[in-house]
Amino acid sequence: MKPTPSTRTYPRPAQIPASRPVGPPPSGRERWPFTAREAELDAVAACLDDPSTTAVLIHGEAGVGKSRLAHEALRLASRKGHRVERAVATSSAAALPLGALAHLLPPDAVAHDPVTAFHAAAKAFGMRTDTGPDGRSSERRTVLLLDDLHLLDNASAVLLGHLLWARAVFLIATVRDGAPPSDAVAALDRAETTRRIALHPFSRFQVREVLNRRLDHRVEHAALDALFTWSRGNALFLYELVTGAVDDGTLQLGDGLWRLTGKPTGTRRLTAIVRQRLQGLSPAREALVELVALCEPLPLGALRNGNADATDLEWLEKRGLIQLHTTGRRTYYTLGHPLYGEVVRHRIAPERRREIYTSQVRSLEKHGVRRREDALRLASWQLAAELPVEHALLVSAAAMARHVRDFPTVLELLSGLPQGSESFEVWLMRGEAYHHTAQWERAEECLLNAGDIALGDREILTATMERTQNLFWGYGDMARTLAVNSAACERLGESGRRVLRINEAGYRMYCDDIRAVLHLLEDAEEVPVPRLRMWGQLQRSLALSYLGRTRDASDLSRRVHEEMREADRGEGRSDPSSHCSGPAIYRVVALSEAGRTNEARVVGDDAFACAVAAQAVHLQAWIATHMGRCELMAGRLEQARDWFAEAVSLARAHAFSRPLAFSCAGLAAVHAQRGSVGDARKALEAAREAPPDQQQAVGLITSLAGAWVEAAGGSMAKARSILAETARRARSMSMFSYEAWLLSDMARLGGAPEAHERLAELADASDSELTRARAESARAYVTGSAAELRVAADLCLLAGAELLAAETACEASRAAEREGDPRAAAAAAVLAGRSLARCGGARTPGLSDGRARPLTRRESEIAVLASGGLTSQEIADRLVLSIRTVDNHLLRAYAKLGIASRTQLPAALAGQAEIRASRSGAPGAARKMRPEESGDYS
2 MKPTPSTRTY PRPAQIPASR PVGPPPSGRE RWPFTAREAE LDAVAACLDD
52 PSTTAVLIHG EAGVGKSRLA HEALRLASRK GHRVERAVAT SSAAALPLGA
102 LAHLLPPDAV AHDPVTAFHA AAKAFGMRTD TGPDGRSSER RTVLLLDDLH
152 LLDNASAVLL GHLLWARAVF LIATVRDGAP PSDAVAALDR AETTRRIALH
202 PFSRFQVREV LNRRLDHRVE HAALDALFTW SRGNALFLYE LVTGAVDDGT
252 LQLGDGLWRL TGKPTGTRRL TAIVRQRLQG LSPAREALVE LVALCEPLPL
302 GALRNGNADA TDLEWLEKRG LIQLHTTGRR TYYTLGHPLY GEVVRHRIAP
352 ERRREIYTSQ VRSLEKHGVR RREDALRLAS WQLAAELPVE HALLVSAAAM
402 ARHVRDFPTV LELLSGLPQG SESFEVWLMR GEAYHHTAQW ERAEECLLNA
452 GDIALGDREI LTATMERTQN LFWGYGDMAR TLAVNSAACE RLGESGRRVL
502 RINEAGYRMY CDDIRAVLHL LEDAEEVPVP RLRMWGQLQR SLALSYLGRT
552 RDASDLSRRV HEEMREADRG EGRSDPSSHC SGPAIYRVVA LSEAGRTNEA
602 RVVGDDAFAC AVAAQAVHLQ AWIATHMGRC ELMAGRLEQA RDWFAEAVSL
652 ARAHAFSRPL AFSCAGLAAV HAQRGSVGDA RKALEAAREA PPDQQQAVGL
702 ITSLAGAWVE AAGGSMAKAR SILAETARRA RSMSMFSYEA WLLSDMARLG
752 GAPEAHERLA ELADASDSEL TRARAESARA YVTGSAAELR VAADLCLLAG
802 AELLAAETAC EASRAAEREG DPRAAAAAAV LAGRSLARCG GARTPGLSDG
852 RARPLTRRES EIAVLASGGL TSQEIADRLV LSIRTVDNHL LRAYAKLGIA
902 SRTQLPAALA GQAEIRASRS GAPGAARKMR PEESGDYS
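Under the working numbering, residue 939 is the last one in the sequence shown; the count climbs by one each step, no gaps.
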């Protein structure tokens, strides 16, 4: 069974604040902005400016966006002063000589006289002579856009070839991949003056870019993955899917995010396009397509057992209607595109469906159930064919579905069991599946039943651990969690009670003193139950993170994460709830506290993608929450906003009270640091309205957000007071990492004299580079030394605290000005600007003044030439200036950039470009930064 994106919707409980109304969504049928093809458009523009190029052929599959790129290129040519013309080659026009170009030719262009036609066309197209501002004249070619060149008639092809040879026109043509061979395309392909541009489907990143620009708000990760999967990056399919989903309400805007409430069906036009591609199949080939559509992924052996014709399979493969995949020793077929399956399955009659499924059941039974996944396949097909299924086979198939984390299929398979026949294993699997699909009440009912019939310590322990997890993370009920754990202890011997004491300590992590809990978790590695041993170790890693022992925390969480991944790869059945996305959260926390933010981003992004693929929505909410926390600590406010907004959307949609409060508070802190006071207050109000939560971290971040809201409103003294009191509370709980965060923010708001000594103590007791950087920044603020502030800013950058680095560098610039060192002031200002460029619109008090001075146009022009290796003499000759003038401009540029020589120019100019991009909102400046793009600053 192939998992598909979740389409479940769940009732929203009254106690969780609903999302606020938003304005009317844009109509899906409006023309979309031209996005994600800038590189290809630049390539066409370069060809247009190249005198040696006469034609550009844009190749790509149908619907990939060739015509849109060609039309944008034609608009660009028009803006450059070229005369532009359009033509479309069609099958019907090909029946007439010069049919495609007739409307562009003068009346005296005789179709049956090629010489006359050429001279008339050459005269008609001709060159345009333009006079520039400097009085110089230049000739510009006519630019012809020709859609579907492969359908061009022969007469038009011959005429076009002569016009290109004579350089009377510049051709921009589209060619569909897989189209029948064409003499016109072949002739142009062979020409040395022709350039080819291959247009591929959008990548996942490009789909996100397109949707964000089109819809004006971000698209939830799960919705993005679904739209990318179903469209495969095909621009036409994506357009029709989104259009249909917006029009029928399947794609809805709430909490600032677009999210899917069901599977998008697209439009009638999309269905017609897909049906057209599936037309003309022979009965045998149509039967193969129907078989794959119903049973994909279908093993090659199943087709061979069914005597499928190899020639038909090859024919369908070549046309992209089916695809052959090989994974390890498995070889299987799927349809060539997900949308094909939707259309094919919709048109198969119920009786025909049962016939196909029954045939596959008989074939599999005849040849034997050999692989583990065969049980899942057999049971699924029997249910689909409405055939009786043995109870043991249903349970075995459900266990296989659980192994691959397909929890909806687990529930579907187990629903076929008669009431009253449930075993401990069945109740446990149902409870786990309901938990992972965020159906807490049903999970509680099933796990309670599992606990009641559990026999032996192992079953009691397993049921208790699953039930306490559901009560704590699903319901958010600490009291019931501890009560259930305590009641189970009474049914166990001493060894079992010892195990559950570890389980209890793991939950007390969130409400008791961290050092006391860490003491209770010391024996976690000795627990004989793998499930609980790993849970205890993860909780221990969290305690170590809070205490500032980040190296131990990172190593321990990494070991457990890798162990769970290895278990997922293994052949044996996994322990319950051992999805590898869960432990990744603890790694993100440890790495964030250590100042290893790039590593945290890689781990978190990967874990979130896995959670989306597994439809584990509660894990998505928690990963998004902690990724938002990571980015907030780093100061990348736009990324933090996006992650927190995603967490809020998921929490509200699925009734997750715990991540809701934390994420709303984080969102409030982000808005406040971006200067959006109204939005900050609304988010803070939502955090305080969320159901009460006993997690200490929620209370701390809510107070931190409250302080920033006060600061954004101008109440700096009150903000510092809140932070100081909250830091004392964090200290009383031994949550030293939070204490350092709170004291650092207090220093950022003018409280460095009161905070720096305690921050120094925390830095001495911790191995965290982030805590050390925070302490050095606060100390440098107190001393006021420009040199110490600059060193502290560099340390902040190394620890990934980019907003703190920008603020500290701004203060260093101001200090250098006071000390009479303009070059140091300029260098610090450039560092501040480069750091701030990644901080997503930050507007905090520490960023006032101290900004880098921009270069003038002439200074920039000369600096760019010098950075490219030109000498002052060469620059003077090129720009018709004196050497002295060039050197003077360079000296002023050095002063503004805070550098002393030409060798430093490339890096300094790159910094200026980054600053300009962030201020102008240039494409790509505000997008989510990928880890590999993060670099050191110097």
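For every residue, glycine included, the Cβ atom is placed at its ideal position computed from N, Cα and C.
Beta-carbon proximity check, residue i vs residue j, cutoff 7 Å
i           : j           : result
residue 615 : residue 406 : yes
residue 71  : residue 149 : no
residue 637 : residue 839 : yes
residue 185 : residue 158 : yes
residue 721 : residue 750 : yes
residue 681 : residue 648 : no
residue 518 : residue 544 : yes
residue 817 : residue 829 : yes
residue 618 : residue 439 : yes
residue 279 : residue 265 : no
residue 62  : residue 248 : no
residue 627 : residue 589 : yes
residue 620 : residue 612 : yes
Helix, strand or coil at residue i according to DSSP, with G and I counted as helix
i           : result
residue 259 : strand
residue 174 : strand
residue 154 : coil
residue 130 : Summary for residue 130: the model assigns pLDDT 47, below 50, so the residue's position carries little reliability, and this model does not support an answer.
residue 566 : helix
residue 217 : coil
residue 391 : coil
residue 210 : helix
residue 191 : helix
residue 513 : coil
residue 783 : helix
residue 773 : helix
residue 419 : coil
residue 353 : helix
residue 657 : coil
residue 166 : helix
residue 840 : coil
residue 522 : coil
residue 900 : coil
residue 856 : coil
residue 806 : helix
Per DSSP, the bridge partner or partners of residue i
i           : result
residue 334 : 299, 325
residue 60  : 176, 199
residue 252 : 261
residue 822 : According to DSSP, which records beta bridges pairwise, residue 822 is partnered with nothing at all.
residue 148 : 89
Close Cβ partners of residue i (< 7 Å) along its chain, the five nearest in sequence each way excluded
i           : result
residue 714 : 678
residue 537 : 503, 507, 522, 525, 528
residue 464 : 429, 448, 451, 452, 455
residue 734 : 514, 515, 697
residue 380 : 390, 394, 395, 398, 414
residue 16  : Per-residue confidence for residue 16 stands at a pLDDT of 37, beneath the threshold of 50, marking its modelled position as unreliable; no derived number is given.
residue 901 : 895
residue 591 : 542, 546, 551, 554, 555, 558
residue 572 : Caution applies to residue 572, whose pLDDT of 42 falls short of 50 and renders its modelled position unreliable; the model cannot decide the point.
residue 492 : 461
residue 53  : 194
Cβ neighbours of residue i in the same chain (closer than 6 Å, five flanking residues each side left out)
i           : result
residue 257 : 218, 646
residue 1   : The structure shown does not extend to residue 1, since the chain is modelled only from 2 to 939, so the question has no answer here.
residue 358 : 382, 385, 386
residue 699 : 662, 663
residue 712 : 720, 750
Proximal residues to residue i (C-beta, below 8 Å), its chain only, five neighbours per side dropped
i           : result
residue 799 : 596, 770, 774, 937
residue 783 : 753, 754, 757
Any non-hydrogen atom of the ligand ADP closer than 6 Å to residue i Cβ
i           : result
residue 817 : Judged by which ligands are present, the structure shown has none, so any question about the ligand ADP falls away.
Next on the checklist: Quick check on the DSSP output: what are the complete alpha helix (DSSP H) runs of length 4 or more inside the segment 272–330, in order along the chain?
Outcome noted: 284–296, 301–306, 311–319
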